[in-house]
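Enquirer: Could you have a look at this structure, given as structure tokens, before my questions?
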Ligand SMILES: Cc1cc2nc3c(=O)[nH]c(=O)nc-3n(C[C@H](O)[C@H](O)[C@H](O)COP(=O)(O)OP(=O)(O)OC[C@H]3O[C@@H](n4cnc5c(N)ncnc54)[C@H](O)[C@@H]3O)c2cc1C
């Protein structure tokens with residue numbers, strides 16, 4: 001080139017290629033934070049093991065909460081961004097290992113959630129008729145890995161149900177089980193779920209809290225909703241609402257707890273009405289054993305006392321509650337992804353402001369956000385702040401030269417996946433699933449019906465592809 005020849009515009013700076021593992025709220029908010037910043041041009045692959053995005057917004061939030069579930073419309077905007085590519089139907093750890101993924105991109109953000117349930121650790125827990133809330137929720141939201149046979153066998157006999165735990169998930173479960181078919185008719189639950197719930201003979205649901213009402217973690221809106229059920233009455237023993245000085249202090253200091261107490265006190269005057277189901281909230285009660293030979297028939301419950309620090313201990317005084325179905329809802333925890341560290345006690349990946357720690361030291365180019373970073377707490381929006389913190393950490397590492405944009409070709413990852421025998425589902429394919437769900441719902445006058453089988457999800461993709469060929 002001669003000295004006076006125009007060299008043209010400089011080449012664009014290389015893009016930072018980021019793979020985000022898990023297209024739940026944390027993964028989507030991570031993609032959004034990456035595309036909203038101006039410092040570094042990015043290309044984001046948003047990977048999920050399911051052919052559908054949204055994580056627990058699709059397979060956690062209760063289907064009878066359509067307004068809450070509508071947050072998916074807002075989340076979808078991040079998926080539509082031109083710098084973001086949805087890569088569904090790809091399980092990291094199976095279709096591609098963590099090191100293989102890391103080699104294909106400049107940085108990886110793990111946002112794979114905390115999908116495992118915590119156990120009660122009591123005898124009888126494995127009996128048929130005993131379910132984790134994770135199993136029941138996966139089933140009623142149409143997760144393609146749900147264990148239909150186990151859940152439906154348990155529900156078919158469920159006249160008396162005991163739900164262990166007093167968080168919002170426990171209330172979701174109690175409410176869904178106590179609803180009438182008419183109350184669930186317009187939801188996006190799969191038809192077989194609506195049919196099985198309609199056929200379940202549920203008459204009594206007891207929600208058990210090992211501590212007192214001042215320590216329960218449910219929110220007032222969710223609590224209040226129990227009182228609005230069409231054909232079930234909520235019952236509370238007034239004795240459970242007599243608080244000691246420490247609990248009174250807690251009530252005075254916390255507005256949510258004080259509102260909860262007001263709602264519960266209203267219900268303490270209720271009595272069961274003939275012909276209606278009941279939902280009983282029982283506090284200071286912990287299960288010590290599930291009873292039954294070849295299936296659950298009851299729960300042995302021990303009365304507890306709660307100390308000034310809010311810790312419960314048993315009194316030795318036990319009673320038996322009849323139960324055909326026991327649902328434990330005592331928390332979620334993260335599972336291990338091969339070749340990624342996990343703190344087994346907390347069920348989270350060890351990290352510092354989102355930087356993955358290996359042997360206590362930051363691992364360059366590896367990050368976490370969402371439930372697998374901080375544990376299963378908070379609402380959907382909590383993951384937004386959490387993802388922003390992680391992205392700020394990642395950008396700081398780019399500025400410090402710890403992570404360098406390499407600017408690989410867009411097709412690298414998908415090509416590597418196809419070479420490994422995977423069948424990635426991209427955004428257009430997800431749109432085909434979305435359209436198929438809306439069309440299926442319309443056949444029953446509903447806005448949507450969830451496709452709940454791997455075959456039908458992937459068939460919707462293939463049928464749409466065949467139509468456009
Ligand atoms: C039953 C239930 C009800 C809830 N209801 C509400 C509510 O009403 N309102 C509210 O604000 N919050 C609610 N929450 C909380 C909210 O859903 C969570 O805060 C949020 O979903 C956590 O986001 P996440 O992205 O960390 O995890 P998730 O939402 O779990 O997303 C993780 C994603 O990672 C994918 N994944 C897992 N492993 C892999 C892998 N190996 N490779 C690729 N992908 C993988 C999963 O398929 C999933 O899509 C509820 C939670 C539960 C459990």
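In the UniProt record's numbering, the protein residues as written are 1 to 469. Built from N, CA and C at the ideal position, the CB exists for glycine as well. Since the structure is predicted, the reported quantities are computational estimates derived from the model, not experimental observations.
Drop a sphere of 10 angstroms on the beta-carbon of residue 420, count the other beta-carbons inside from all chains shown, and report buried for 16 or more, exposed for fewer.
Expert: In the chain shown, residue 420 corresponds to position 420, counting from 1. Counting Cβ neighbours within 10 Å, residue 420 comes out exposed, since fewer than 16 surround it.
Enquirer: Compute the Euclidean distance between the alpha carbons of residue 263 and residue 256, then round it to the nearest angstrom.
Expert: Here the question's residue 263 lines up with position 263 in the chain shown. Here the question's residue 256 lines up with position 256 in the chain shown. Near 11 Å, if we compare the C-alpha coordinates of residue 256 and residue 263.
Enquirer: Taking the alpha-carbon positions, what's the residue 313 to residue 285 distance?
Expert: Locating residue 313 in the chain shown gives position 313, where the first residue counts as 1. Locating residue 285 in the chain shown gives position 285, where the first residue counts as 1. Straight-line Cα distance between these residues: approximately 10 Å.
Enquirer: I need the DSSP call for residue 291, collapsed to helix, strand or coil.
Expert: Within the chain shown, the letter at position 291 stands for residue 291. Correct three-state label for residue 291: strand.
Enquirer: Would you mind giving the Cβ-Cβ distance between residue 177 and residue 184, rounded to the nearest angstrom? I have them listed as a contact below 8 Å.
Expert: Looking up residue 177 in the chain shown gives position 177. Looking up residue 184 in the chain shown gives position 184. Rounded, the Cβ-Cβ distance is 10 Å, inconsistent with contact.
Enquirer: Return the CA-CA distance between residue 135 and residue 31, expressed in angstroms with no decimal places.
Expert: Taking the first residue of the chain shown as position 1, residue 135 is located at position 135. Taking the first residue of the chain shown as position 1, residue 31 is located at position 31. The straight-line gap from Cα to Cα measures roughly 29 Å.
Enquirer: Within the same chain, show all residues whose beta-carbon is closer than 8 Å to that of residue 432, passing over the 5 residues directly before and after it, in chain order.
Expert: Translated into the one-based positions of the chain shown, residue 432 becomes position 432. Here the set comprises 460, 461, 463, 464 and 465.
Enquirer: Any idea if residue 385 is buried or exposed, counting beta-carbon neighbours within 10 angstroms, 16 or more meaning buried?
Expert: Against the chain shown, residue 385 aligns to sequence position 385. So residue 385 ends up on the exposed side.
Enquirer: Can you check the stretch 168-192 for any alpha helix (DSSP H) of at least 4 residues that lies completely inside it and give the ranges in chain order?
Expert: Counting whole runs of 4 or more residues, the stretch 168-192 contains the alpha helix (DSSP H) stretches 168-178 and 181-184.
Enquirer: Kindly examine ligand 1 and report whether one of its heavy atoms sits closer than 8 Å to the Cβ of residue 218.
Expert: In the chain shown, the residue the question calls residue 218 occupies position 218. Result no, Cβ not under 8 Å from ligand 1.
Enquirer: Using a Cβ-Cβ cutoff of less than 7 Å, which residues in the same chain neighbour residue 425 once the five nearest sequence positions on both sides are dropped?
Expert: Walking along the chain shown from the start, residue 425 turns up at place 425. For residue 425, where only same-chain residues beyond five positions count, the Cβ hits under 7 Å are 51, 88, 89 and 461.
Enquirer: To the nearest angstrom, how far is it from the Cα of residue 470 to the Cα of residue 458?
Expert: The structure shown does not extend to residue 470, since the chain is modelled only from 1 through 469, so no value can be given for it.
Enquirer: Alpha carbon to alpha carbon, how far is residue 357 from residue 363? Give it in angstroms, no decimals.
Expert: For the purposes of this step, residue 363 is taken as residue 363 along the chain shown, with counting starting at 1. For the purposes of this step, residue 357 is taken as residue 357 along the chain shown, with counting starting at 1. Taking the straight line from one Cα to the other gives about 6 Å.
Enquirer: List in chain order: all unbroken beta strand (DSSP E) runs of 3+ residues lying wholly within the stretch 231-303.
Expert: As far as the stretch 231-303 is concerned, its whole beta strand (DSSP E) runs of at least 3 residues are 232-236, 277-282 and 285-291.
Enquirer: Determine, using beta carbons only, whether residue 224 and residue 64 come nearer to each other than 9 Å.
Expert: What you label residue 224 is simply residue 224 of the chain shown in a count that begins at 1. What you label residue 64 is simply residue 64 of the chain shown in a count that begins at 1. No, these two residues do not count as a Cβ contact at 9 Å.
Enquirer: Would you check if there are 3 or more beta carbon pairs closer than 8 Å linking the stretch 205-224 to the stretch 165-172?
Expert: Contact between the stretch 205-224 and the stretch 165-172 is present, because at least three Cβ pairs lie under 8 Å.
Enquirer: Measuring from the CB of residue 381, is there a heavy atom of ligand 1 at a distance below 8 Å?
Expert: Indexing the chain shown from 1 puts residue 381 at position 381. At least one heavy atom of ligand 1 is nearer than 8 Å to the Cβ of residue 381, so yes.
Enquirer: Are the stretch 390-405 and the stretch 347-355 touching by the rule of at least three beta carbon pairs closer than 8 Å?
Expert: Touching, yes.
Enquirer: Can we say the stretch 105-112 touches the stretch 15-29, given the rule of at least three CB pairs closer than 8 Å?
Expert: Verdict: yes, contact present.
Enquirer: At the level of alpha carbons, what is the spacing between residue 448 and residue 155?
Expert: Counted from its first residue, the chain shown places residue 448 at position 448. Counted from its first residue, the chain shown places residue 155 at position 155. Those two C-alpha atoms are separated by around 24 Å.
Enquirer: Sorted by chain position, which residues of the same chain lie with C-beta nearer than 7 Å to residue 339's C-beta, five sequence neighbours on each side aside?
Expert: Walking along the chain shown from the start, residue 339 turns up at place 339. For residue 339, where only same-chain residues beyond five positions count, the Cβ hits under 7 Å are 97, 98 and 99.
Enquirer: Indicate whether residue 318 and residue 300 have their beta-carbon atoms separated by less than 9 Å.
Expert: Working through the chain shown from its first residue, we reach residue 318 at position 318. Working through the chain shown from its first residue, we reach residue 300 at position 300. Contact flag set, yes.
Enquirer: Give me the Cα-Cα distance between residue 298 and residue 41, rounded to the nearest whole angstrom.
Expert: As a first step, residue 298 must be located in the chain shown, where it is residue number 298. As a first step, residue 41 must be located in the chain shown, where it is residue number 41. So the two alpha carbons sit approximately 59 Å from each other.
Enquirer: Hey, residue 234 and residue 241 are a contact pair by Cβ (cut 8 Å); roughly how many whole angstroms apart?
Expert: The residue given as residue 234 occupies position 234 in the chain shown. The residue given as residue 241 occupies position 241 in the chain shown. Wrong, their Cβ atoms sit about 13 Å apart, outside the cutoff.
Enquirer: When you compare each of 208, 144, 95 and 415 to residue 173 by their alpha carbons, which one comes out closest?
Expert: In the chain shown, counting from the first residue as 1, residue 173 sits at position 173. Closest by alpha carbon: 208.
Enquirer: Is residue 50 near ligand 1, judged by its Cβ being under 8 Å from some heavy atom?
Expert: Translated into positions along the chain shown, residue 50 becomes position 50. It does: the Cβ of residue 50 is within 8 Å (strictly closer) of some heavy atom of ligand 1.
Enquirer: For residue 267, which residues of its own chain have a beta-carbon under 8 Å away from its beta-carbon, when the five flanking residues on both sides are left out?
Expert: Here the question's residue 267 lines up with position 267 in the chain shown. Around residue 267: 227, 234, 235, 236 and 281.
Enquirer: Any chance the CB of residue 168 is under 8 Å from a heavy atom of ligand 1?
Expert: Walking along the chain shown from the start, residue 168 turns up at place 168. At least one heavy atom of ligand 1 is nearer than 8 Å to the Cβ of residue 168, so yes.
Enquirer: Quick one: Cα of residue 372 to Cα of residue 61, how far?
Expert: Here residue 372 refers to the residue found at position 372 of the chain shown. Here residue 61 refers to the residue found at position 61 of the chain shown. So the alpha carbons of these two residues sit roughly 18 Å apart.
Enquirer: So, are the CB atoms of residue 213 and residue 170 less than 9 Å apart?
Expert: Against the chain shown, residue 213 aligns to sequence position 213. Against the chain shown, residue 170 aligns to sequence position 170. Contact: no.
Enquirer: On a Cα-Cα basis, can you pick out the residue from 405, 188, 309 and 467 that is closest to residue 441?
Expert: Within the chain shown, residue 441 is the residue found at index 441, counting from 1. Minimum Cα distance to residue 441 is reached at 188.
Enquirer: Do residue 376 and ligand 1 come close, with the Cβ less than 8 Å from some heavy atom?
Expert: Counting from 1 along the chain shown, the entry for residue 376 is found at position 376. At least one heavy atom of ligand 1 is nearer than 8 Å to the Cβ of residue 376, so yes.
Enquirer: Cβ atoms of residue 321 and residue 125: under 9 Å apart, would you say?
Expert: By one-based count along the chain shown, residue 125 stands at place 125. By one-based count along the chain shown, residue 321 stands at place 321. Not closer than 9 Å, so no.
Enquirer: Tell me which residues share the same chain as residue 278 and place their Cβ nearer than 6 Å to its Cβ, disregarding the 5 neighbours each side in the sequence.
Expert: In the chain shown, counting from the first residue as 1, residue 278 sits at position 278. Closer than 6 Å at the Cβ level, and outside the excluded window around residue 278, lie 204, 233, 235 and 272.
Enquirer: Report the partner residues of residue 389 according to the DSSP bridge assignment.
Expert: The residue you call residue 389 lines up with position 389 of the chain shown. The partner list for residue 389 (beta bridge, DSSP) is empty, contrary to what the question assumes.
Enquirer: The alpha helix (DSSP H) spanning residue 76 covers which residue range?
Expert: Numbered from its first residue, the chain shown carries residue 76 at position 76. Residues 71-79.
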